[in-house]
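Encoded as C-alpha cells, the structure appears first; notes follow it.
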Amino acid sequence: MSERTSVSVVLIAGVLAAVSLGKFSPFLDEVRDGFGLSLTAAGWLTSSITVVAAAAATTVGRWSGAERSRPVLGWGLVAIGLSGLFTSVLVEVAWQLYALRLVEAVGYVAVMVAGPSLLVQVKDHVVRKWALALWGMCIPAGLATAAAVGGLLSDAGWRVWLVAPALASLLLGLLVPWTVAPWSAGSPADDDSAQVSPPGRSGGAVWLLASGFALVTMVGLAVVTMLPVFLSTEKGLSQGRAGALTSVVAASSILGSVAAGYLVQRGVRSVSLFTSALSMPFLGAGVFLAPAWSASFVAAALLMVVNGIVVAAVFSALPAVSGVAGAARAAGTVTQVGSLGTLLGPPVFGAAQELIGWWAAVPLVMAVALAGVVALSTAVRRGAPATSEV
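Numbering-wise, the numbering used here comes out as the position in the sequence shown, counting from 1, plus 119.
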C-alpha cells in the first residue's frame, strides 16, 4: 500500500467529516418545521459540533497520541456514520436529534484530530507537506459538497439525504485498517521539520500557532457570514442571488489550500505563506467599501483564497512546531482554539456592524489579521529547530 493511497483516504475522511458538519444546512427549514424548532435551536444543529470541538479537541488529541491515531480515525468515521443512519431512520422527537448530533460531534472531533496526526507521520517529507497543506481544504470542500449534493436531493427530503454521507462515512471507517498504513509503527523523522523542539518552546509554539489559526479563520468565517446580508441590504441583490454568490466565495478557500499545497511541495516556507494574510485588510476594505457588488464579490473571493492559503500553511507547519510525537495533541489544540475563533467571529463582527456600521469591519479585519500573522510567524520560529524548513 503506497503512502499516497493512505494520504488520500485520510483526506477523504476529513471531507466526509466536514460534510457532516454542514449536512443540515440545505434542509434547515424542513427540519425546523418537522420538529417545531426555533431558528436559534435549529442553528445549534450545526454549531453544536463546533462547540464540542471547542471544548474537547485538545483532550482527544492528548488521549489519542500518534499510536492511536489510526483507530481513532476509523472509530470517528463509524460514529459519524451510525449517528447519521440512526438520525435518518429512528429520530422522532427533538431531543433524540440533538443526542445523536452530539455523538456525531465526537466522531467529527476524532477525525479532525487524528487526520493531521496521521499525515504528520508520513515518511516522505514532500508527500507529508503536500498532504498537510491539502488537509486545510477538507472543511470548505465538505461544506461545499453538503450544500451541492444536499441541494440536488432536496426533493427527496432530509432523511433520505442523511443516508448518503452516513453510509460513505461508515464504509470508509470500516476500511481504515486496510487502507491507512500504520505509519506510527516505524516512521522516523526524515528531515529537520519533524524534529521535536524542547518541551517548553514546543508547547508555547503550538498555542501560538493555534491562536493565529483562530484569528485568521475568524476573519474568513465572519466575512462569509456577513456577506449575504451585506449584498442584499446594501447592494440590492435578492437573498437567493446573495446566497449563491456567498457559496462561491466560501468555496474559494479550496483554491487557496490547493495553491498552498503546490507551493510547499516546491519549498516555499510556511512563514512566507502566513504573510499572505497581510492582504486581508485591503481585501476586507474591498468587500465592504467598494461601490459595486461585483467588486465586493471579487474581493471576498480573494480574501477566502488567502484564508485557504494560511489554513493550509498552518497544518503544513505542524511537524515543525510539535514534532511527530506531539502531533495529535497539537492538532487537537489547533482544532479546539480554531473552533473558538469560528464561534466568536460572527458575533464579534456582527456587533461591530450594528454599533458602528459596515465600515467597522475594515479596522477589525486589520487588527485581527495582523495579530494572526504575528502569532503564526512567532510560532514557527519558536517551535522549529534552527535548520527547519518553515
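From the three backbone atoms N, C-alpha and C, an ideal C-beta is built for every residue, glycine too.
Just so you know, these numbers come straight off a predicted model, no measurement behind them.
Short of 8 Å from the beta carbon of G362, and not among the five residues preceding or following it, lie these beta carbons of its own chain, in chain order: P347. At the C-beta level, F154 and W280 stay beyond 8 Å of one another.
The distance from the Cβ of F416 to that of L364 is about 5 Å, consistent with a contact at the 8 Å cut-off.
Counting only the Cα atoms, S371 lies some 17 Å from R360. The Cβ-Cβ distance between V390 and V499 falls below 8 Å. The C-alpha of W249 lies about 7 Å from the C-alpha of V383.
Within the stretch 141-222, the alpha helix (DSSP H) runs of at least 4 residues that lie entirely inside it are, in chain order, 147-154, 158-183 and 188-209. Pairwise C-beta distances place the stretch 441-461 out of contact with the stretch 397-413, as fewer than three of them are shorter than 8 Å. If you check the CB distance, A172 and L334 do not come in under 8 Å. Segment contact: the stretch 450-466 against the stretch 420-429, fewer than three CB-CB distances shorter than 8 Å; contact not assigned.
Taking the CA atoms as reference points, F205 sits about 43 Å from K354.
DSSP places R388 in the coil class of the three-state scheme, outside both helix and strand. Nearest in C-alpha terms to V197, of all of L340, S351, P465 and A285, is A285. Of the residues R187, S435, M423 and V433, the one whose Cα lies closest to the Cα of V484 is M423. For L356, there is no enclosing alpha helix (DSSP H), as DSSP marks it with neither H nor E. Taking 8 Å as the cut-off, the beta carbon of F393 is found no closer than this to the beta carbon of W254.
Counted as a single uninterrupted DSSP element, the alpha helix (DSSP H) harbouring W297 occupies residues W277 to T298. P438: member of the alpha helix (DSSP H) spanning L437 to S441, first to last residue.
For the pair E122 and V299, the Cα-to-Cα distance works out to about 8 Å. For A447, the enclosing alpha helix (DSSP H) stretches over residues A446 to L474. Rounded to whole angstroms, the Cβ separation of V377 and M256 is 6 Å, and the two are in contact under 8 Å.
Taking C-beta atoms under 8 Å as the contact rule, F468 and A369 fail to qualify, at a distance of about 16 Å. If you draw a straight line from the Cα of L327 to the Cα of T497, it comes to about 7 Å. Residue nearest to V129 within the set R151, R189 and A174 is R189 (criterion: CA-CA distance). DSSP places K248 in the helix class (H, G or I) of the three-state scheme. Counting of Cβ neighbours within 10 angstroms places A480 among the buried residues, the total reaching 16 or more. Counted as a single uninterrupted DSSP element, the alpha helix (DSSP H) harbouring T264 occupies residues C257 to L271. When the Cα atoms are used, V487 and W163 turn out to be separated by approximately 26 Å. For E211, the number of other beta carbons within 10 angstroms of its own is below 16, and it is reported as exposed.
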